[in-house]
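Residues -18 to -1, 1 to 293 in mature numbering (1 follows the signal peptide of the UniProt record, and there is no 0) are what the sequence shown spells out, letter by letter.
Cβ atoms here follow ideal geometry from the backbone N, Cα and C, with glycine treated the same way.
Worksheet: one structure, shown below.
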Amino acid sequence: MKTLFTITLNILNGLAAAAPANFEGTAKQLADPNFGPVPGQDPLWSSYSGVDPTFPGNIKDPILLTEHGEPAVDDVNKISPNSIKPGACQYHIPVYEPFTFLAIATLFEMSSMALLTGLVQQAQLPESHAAMVAIAEVETRHETWALVDLWKENPFGGPSDTIFPYANEILEGTNPYVIPGSCPKENPEYPYPRQDLPPFSPAKTTKSLMPGNTFAINFTDPTNLPLFEEGTQYYMTFFHGPANISVPIDVHGFPDAPIEVLIPAQLEVKGIYLTVITDTMGAPSIDTVKAGPSIILQQPASLGLAVVHYE
């Protein structure tokens, strides 16, 4: 009996020594490779494969919930798409004559400046802000070269380029140029997050995109049309420079009747107009944007119509 008592006491003492009394996975304990049962060296392990797991695999404390309730951001079970470096996709821009190709390239260069004004608002670290500035410096040179050398145009779009807060909405407009199936399957959805907003542009029947003129909206994807709620007033919001102007639009009768938009007379014929359909004046939050964006090139203005007629 005494021998059995002694064996039992030794086992209990061993268990007490092997596990922390109050579950304290402190940094000091984690830094001690001798803390806890060690695979292959401790009798608490009933099997041993011959290869020790990487320290601190010998620590068997449970990882308790930080909070009670439904799973939330502290319950990580996969790598976030924000942490994945995407692989390259393949692109195809179906343009086969020089004028339209250069017009599309100029539109890309000028819209990228608006994209960066949205990205810099998403960045959290000073290093990220610096990266945005560095990219903007190069994009400015590209834009200036395109306007001056290709089109003999004044490169200055006014005191400020167009500011647009929702960068991913601009990125989403490049999706039609991605060759389906060309992206690595490990890539997250592009862009992430993606709203899948209905794309639109001025109709090909448009005669002028000058301020004070009217154009009809052409929704370019018949499988992705906006759903307008009865009794809600919708607007076309024009972002230009540091400000925006919203004009009410009549959506009654859509899709049988076209939606007509009056370009605000206050806008300057410079740079780009970046337009979205919203249910709130000024598009104060991303969820108020219901379609778009569409980019109207105004410098040089002739290219704006060229792009519309191409699309």
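Rounded to whole angstroms, the separation of the alpha carbons of residue 72 and residue 162 is 9 Å. In this structure, residue 144 places its C-beta atom within 8 Å of the C-beta atom of residue 221. No Cβ-Cβ contact shorter than 8 Å links residue 283 with residue 240. At a cut-off of 4 residues, the continuous stretches assigned as alpha helix (DSSP H) that sit fully inside the stretch 123 to 182 are 149 to 154. Contact between the stretch 254 to 272 and the stretch 203 to 219 is present: three or more C-beta pairs spanning the two stretches fall below 8 Å.
Following the DSSP letters along the chain, one finds residue 274 inside the beta strand (DSSP E) bounded by residues 271 to 279. When rounded, the separation of the alpha-carbon atoms in residue 117 and residue 238 is 44 Å. Taking the Cβ atoms as the reference, residue 271 lies roughly 7 Å from residue 151, within the contact range of under 8 Å. Rounded to the nearest whole angstrom, the C-alpha separation of residue 211 and residue 147 is 25 Å. When only Cα atoms are considered, residue 124 and residue 139 end up about 14 Å apart. It is roughly 15 Å from the alpha-carbon of residue 155 to the alpha-carbon of residue 292. By the Cβ-count criterion, residue 106 is exposed, with fewer than 16 other Cβ atoms from all chains shown falling within 10 Å of its own Cβ. Annotation: the continuous beta strand (DSSP E) that includes residue 244 extends over 242 to 244. Residue burial annotation: residue 268 is exposed, with fewer than 16 other C-beta atoms found within 10 angstroms of its C-beta. Residue 82 sits close to residue 288, with the two beta carbons spaced by under 8 Å. Secondary-structure assignment with DSSP links residue 256 through a beta bridge to 221 and 277. Per DSSP, residue 199 is one residue of the beta strand (DSSP E) stretching across 196 to 201.
If you look at residue 95, you'll find it in the alpha helix (DSSP H) that goes 80 to 104. If the five residues before and after residue 252 are omitted, its C-beta is found closer than 7 Å to the C-beta atoms of 139, 140, 280 and 281, all from its own chain and listed in chain order. In the three-state reduction of the DSSP assignment, residue 66 falls in the coil class, being assigned neither a helical nor a strand state. Per the coordinates, the alpha-carbon of residue 278 lies some 6 Å from the alpha-carbon of residue 254.
Relative to residue 276, the option among 14, 89, 113 and 98 whose CA is nearest is 89.
For residue 284, the enclosing alpha helix (DSSP H) stretches over residues 283 to 292. Across the set 231, 226, 245 and 189, the C-alpha of 226 shows the shortest separation from the C-alpha of residue 266.
By alpha-carbon distance to residue 160, the top candidate from 14, 69 and 51 is 69. Between residue 203 and residue 175, the beta carbon gap of about 19 Å keeps them out of contact (Cβ cut-off 8 Å).
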